[in-house]
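Participant:
4 protein chains.
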Amino acid sequence: MSDSLDSLLEPFPFVKVIPVQWGDQDAIKHVNNVVYFRWFECARINYFEGIEGYEMLYASNLGAILASITCDFRNQLRYPDTVHVGSRVTKIGNSSLQMSHQVISEKHAIVAAEATSTIVVFNYETNSSCRVPDTVRETIARVEGREFDD
Amino acid sequence: MSDSLDSLLEPFPFVKVIPVQWGDQDAIKHVNNVVYFRWFECARINYFEGIEGYEMLYASNLGAILASITCDFRNQLRYPDTVHVGSRVTKIGNSSLQMSHQVISEKHAIVAAEATSTIVVFNYETNSSCRVPDTVRETIARVEGREFDD
Amino acid sequence: MSDSLDSLLEPFPFVKVIPVQWGDQDAIKHVNNVVYFRWFECARINYFEGIEGYEMLYASNLGAILASITCDFRNQLRYPDTVHVGSRVTKIGNSSLQMSHQVISEKHAIVAAEATSTIVVFNYETNSSCRVPDTVRETIARVEGREFDD
Amino acid sequence: MSDSLDSLLEPFPFVKVIPVQWGDQDAIKHVNNVVYFRWFECARINYFEGIEGYEMLYASNLGAILASITCDFRNQLRYPDTVHVGSRVTKIGNSSLQMSHQVISEKHAIVAAEATSTIVVFNYETNSSCRVPDTVRETIARVEGREFDD
Chain E
2 MSDSLDSLLE
12 PFPFVKVIPV
22 QWGDQDAIKH
32 VNNVVYFRWF
42 ECARINYFEG
52 IEGYEMLYAS
62 NLGAILASIT
72 CDFRNQLRYP
82 DTVHVGSRVT
92 KIGNSSLQMS
102 HQVISEKHAI
112 VAAEATSTIV
122 VFNYETNSSC
132 RVPDTVRETI
142 ARVEGREFDD
Chain R
2 MSDSLDSLLE
12 PFPFVKVIPV
22 QWGDQDAIKH
32 VNNVVYFRWF
42 ECARINYFEG
52 IEGYEMLYAS
62 NLGAILASIT
72 CDFRNQLRYP
82 DTVHVGSRVT
92 KIGNSSLQMS
102 HQVISEKHAI
112 VAAEATSTIV
122 VFNYETNSSC
132 RVPDTVRETI
142 ARVEGREFDD
Chain L
2 MSDSLDSLLE
12 PFPFVKVIPV
22 QWGDQDAIKH
32 VNNVVYFRWF
42 ECARINYFEG
52 IEGYEMLYAS
62 NLGAILASIT
72 CDFRNQLRYP
82 DTVHVGSRVT
92 KIGNSSLQMS
102 HQVISEKHAI
112 VAAEATSTIV
122 VFNYETNSSC
132 RVPDTVRETI
142 ARVEGREFDD
Chain D
2 MSDSLDSLLE
12 PFPFVKVIPV
22 QWGDQDAIKH
32 VNNVVYFRWF
42 ECARINYFEG
52 IEGYEMLYAS
62 NLGAILASIT
72 CDFRNQLRYP
82 DTVHVGSRVT
92 KIGNSSLQMS
102 HQVISEKHAI
112 VAAEATSTIV
122 VFNYETNSSC
132 RVPDTVRETI
142 ARVEGREFDD
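Residue numbers (the working numbering), protein chains in the order written: chain E, 2 to 151; chain R, 2 to 151; chain L, 2 to 151; chain D, 2 to 151.
1) Do residue 4/D and residue 110/D have their beta-carbon atoms positioned less than 9 Å apart in this structure?
2) Return the residue from the list 89/R, 106/R and 67/R that minimises the CA-CA distance to residue 6/R.
3) Under 8 Å between beta-carbons, which chain R residues line up against residue 28/E? List them in chain order, please.
4) Could you tell me which residues DSSP pairs with residue 129/R in its beta bridges?
5) What is the DSSP secondary structure of residue 9/R, reduced to helix, strand or coil?
6) Taking the DSSP output, what are the residues bridged to residue 18/L?
7) Which one or two residues does DSSP pair with residue 57/L in a beta bridge?
8) Comparing alpha-carbon positions, which option in 94/L, 76/L, 121/L and 120/L lies nearest residue 103/L?
9) Please confirm whether residue 86/D and residue 19/D have their CB atoms less than 9 Å apart.
10) Distance cutoff 9 Å, beta carbons only. Does residue 35/L sit that close to anything in chain D?
11) Quick one: does residue 131/R have its CB under 9 Å from some CB of chain L?
12) Buried or exposed: where does residue 69/L fall if 16 or more other Cβ atoms within 10 Å of its Cβ makes it buried?
13) Taking only beta-carbon atoms, is residue 68/L less than 9 Å away from chain E?
14) Inspect the beta-carbon positions of residue 96/D and residue 47/D and report whether they are closer than 9 Å.
15) Would DSSP call residue 46/R helix, strand or coil?
16) Measuring only the C-alpha atoms, how far is residue 44/E from residue 27/R?
17) Is there a Cβ of chain E sitting closer than 9 Å to that of residue 74/L, yes or no?
18) For the beta strand (DSSP E) containing residue 105/D, name the first residue and the last one.
19) Taking C-beta pairs closer than 7 Å, name the residues in chain L that residue 46/R reaches, listed in chain order.
20) Once DSSP output is grouped into helix, strand and coil, what is the label at residue 68/E?
21) Look at the alpha carbon of residue 30/D and the alpha carbon of residue 37/L, and state the distance between them as a whole number of angstroms.
22) For residue 119/R, collect the residues of the same chain with a Cβ closer than 6 Å to its Cβ; drop the 5 residues on either side in sequence, then sort them by chain order.
23) Which same chain residues end up closer than 7 Å to residue 21/D when comparing Cβ atoms and leaving out the 5 residues on each side of it in sequence?
24) Whose Cβ in chain D lies nearer than 7 Å to the Cβ of residue 38/R?
25) Might you give, ordered along the chain, the residues of its own chain that have their beta carbon closer than 6 Å to the beta carbon of residue 9/R, omitting 5 neighbours on each side?
26) Buried or exposed for residue 60/R, going by 16 or more other Cβ atoms inside 10 Å?
27) Buried or exposed: where does residue 150/L fall if 16 or more other Cβ atoms within 10 Å of its Cβ makes it buried?
28) Could you pull out every residue in the same chain whose Cβ sits closer than 6 Å to the Cβ of residue 73/E, ignoring the five residues on either side in sequence?
29) Would you list the one or two residues that DSSP bridges to residue 73/D?
30) Residues of chain E with a CB under 9 Å from the CB of residue 42/D: which are they?
31) Apart from the five residues on each side of it in sequence, which residues of its chain come closer than 6 Å, Cβ to Cβ, to residue 146/L?
32) Along chain R, in chain order, which residues have C-beta atoms closer than 8 Å to that of residue 71/D?
33) State the Cα-Cα distance for the pair residue 148/R and residue 14/R, rounded to the nearest angstrom.
34) Using 10 angstroms around the beta-carbon of residue 2/E, count the other beta-carbons present and answer buried if the total reaches 16, otherwise exposed.
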């Protein structure tokens, strides 16, 4: 196998390491598809915590809401294994962020699933979406090492 | 089989009917043990809602906290099936209630599991347990059709 | 509100009715996003069971695998509520099916989420995807009341 | 605080370290009671894997079944935290084992919950419980550093 775990994870500024639990498996003896979405949630939160994004949002009475998610399942997973869920921001729109994830099997050094989350910045006072704050934009640009167009 | 579903459920003033989901099964192709505790939670809440117990507690700024639970697994369950989770209060102490549950398989009319929850009445203002309010005691006695000693 | 529950569900030949559980809520006091994917799984299985699709697949030693899923969250859900998850097949490819779902809140008669599942027919003997059997195609065409191009 | 994490974990030959996930919390903003039973399952499996117990059982076509579990909740948990779930065998009967668990909060170095699992050794050929094999008894006695009466 040509891909190593490290090279697969290289594109991601944040990686959440999560052990597969025996109980994550369903009657087909594979990790159930629902479990992946718990992992993506962990990964999104891990990214935002890593950039201190929640502090930046809360300071302006804003929150981050999952607007949509799409997932392609590439390879089945089984217990025991450990997944490394990489996350990176691929797009910053006016009021939303797009985050890409890969679930990598540590045991097999392969991509088990790829997903894209769209996260909307939400103002709890006005009850509507609002522009991603500049502090968040600048921090993500720095962490990702690239510029983002609106 | 001598037991009917009805006779098994007869002792319980409240019964929560919950369809078994395919995804409730684990790699052994039985309903995973963890799922039962979600069912007991549904059943406890169903009982309290049924007697309007939350309204009585909240009126005094009180809450109900699960202090302990014990469960005996009697028979395995598989998808498809529907469980009927019966609940009844078996004891009212000073600051706690004991609630007994049975998980009954609709398909096989057998007891899949029996459990006992101990629920403590908690005062969020004083941050300590407190006496079960008389309104709750009286309502449960009426619903259960019996007297309870402290 | 102009939409009724019935009119929202009208496009779907199969609807799975699932009560929201208190424990489906997360710390934001909304139904957690992960729960929706359990519901979609229930809905997919419900559709296949409804058309006796598994029998048709198993007869040829085939299975159905979730290849991808995409979900748009439209409105938050809270306990108590009951969701009606409608499913219909929108496309039949060579070796895959596309199924569309809507999660409808009974309480508010609104769409809480929309999703599309792509399901691949898989041959466990050759360990590869394979053409959707004609029996499955014909049954779906009849149930959906329309023709499908490959 | 007089107790350290180390001293709390000292009685347990096996300790499973599990990060609390944000999504483990329920609408009360505490880790939901159901999650603890997933943790106990992980801890039981971790113990059996640690003593190579499954290999010993499978060699004789035996399995280990959870017959009952009881849990006392001592302190609430919140995200973020990491739990250390200690497990030790406290009793070996004819056909069953009793395993005690403690869930320890890393952040607060306190016991969040205590539980006892009763595990029955089961013969899948005769479909009945059977005597705990001597190899398993001897390994547990060595790991626990004590003798067990039947």
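No residue lacks a Cβ here, since even glycine has one placed at the ideal position from N, Cα and C.
These numbers were taken from a predicted model, which means no experiment stands behind them.
Facilitator: The short version:
1) Taking the C-beta atoms as reference points, residue 4/D is found nearer than 9 Å to residue 110/D.
2) Distances from the alpha-carbon of residue 6/R to those of 89/R, 106/R and 67/R put 106/R closest.
3) Within chain R, the C-beta atoms nearer than 8 Å to that of residue 28/E come from 23, 26, 27, 28, 30 and 80, in chain order.
4) Paired residue(s): 124/R.
5) Three-state result, residue 9/R: helix.
6) Looking at the DSSP assignment, residue 18/L forms a beta bridge with 85/L.
7) Residue 57/L pairs with nothing; no bridge assigned.
8) Selected option, being the one with the closest Cα: 76/L.
9) Against a cut-off of 9 Å, the Cβ pair of residue 19/D and residue 86/D comes out as a contact.
10) Closer than 9 Å to the CB of residue 35/L there is at least one CB belonging to chain D.
11) At a cut-off of 9 Å between C-beta atoms, residue 131/R does not count as an interface residue with respect to chain L.
12) Counting every other CB atom within 10 Å of its CB across the protein chains shown gives residue 69/L a total of 16 or more, marking it as buried.
13) Yes, contact with chain E.
14) At least 9 Å separates the beta-carbon of residue 96/D from that of residue 47/D.
15) Of the three classes helix, strand and coil, the one that applies to residue 46/R here is helix, per DSSP.
16) In this structure, the alpha-carbon of residue 44/E lies about 24 Å from that of residue 27/R.
17) Yes, its Cβ sits closer than 9 Å to a Cβ of chain E.
18) Its beta strand (DSSP E) spans residues 97-106.
19) Going along chain L in sequence order, the residues near residue 46/R (Cβ under 7 Å) are 23.
20) Residue state, collapsed to three classes: strand.
21) Each residue's Cα considered, the two are about 20 Å apart.
22) In the same chain as residue 119/R, and ignoring 5 residues on each side of it, the C-beta atoms closer than 6 Å to its own belong to 68, 69, 97 and 99, in chain order.
23) 32, 78, 80, 81, 82, 83 and 84, listed in sequence order.
24) In chain order: 34, 35 and 38.
25) Excluding the 5 residues flanking it on each side, residue 9/R has same chain C-beta neighbours closer than 6 Å at 105, in chain order.
26) Exposed, because fewer than 16 other Cβ atoms sit within 10 Å of the Cβ of residue 60/R.
27) Counting every other CB atom within 10 Å of its CB across the protein chains shown gives residue 150/L a total below 16, marking it as exposed.
28) These residues qualify, in order along the chain: 115.
29) Residue 73/D pairs with 69/R and 115/D.
30) Those within 9 Å of residue 42/D in chain E are 22, 23 and 24.
31) Closer than 6 Å at the Cβ level, and outside the excluded window around residue 146/L, lies no residue.
32) Those within 8 Å of residue 71/D in chain R are 69, 70, 71 and 72.
33) As the crow flies, the alpha-carbon of residue 148/R is around 15 Å from that of residue 14/R.
34) Note that residue 2/E has pLDDT 47, beneath the 50 cutoff, so the model's placement of it is unreliable and no number is given.
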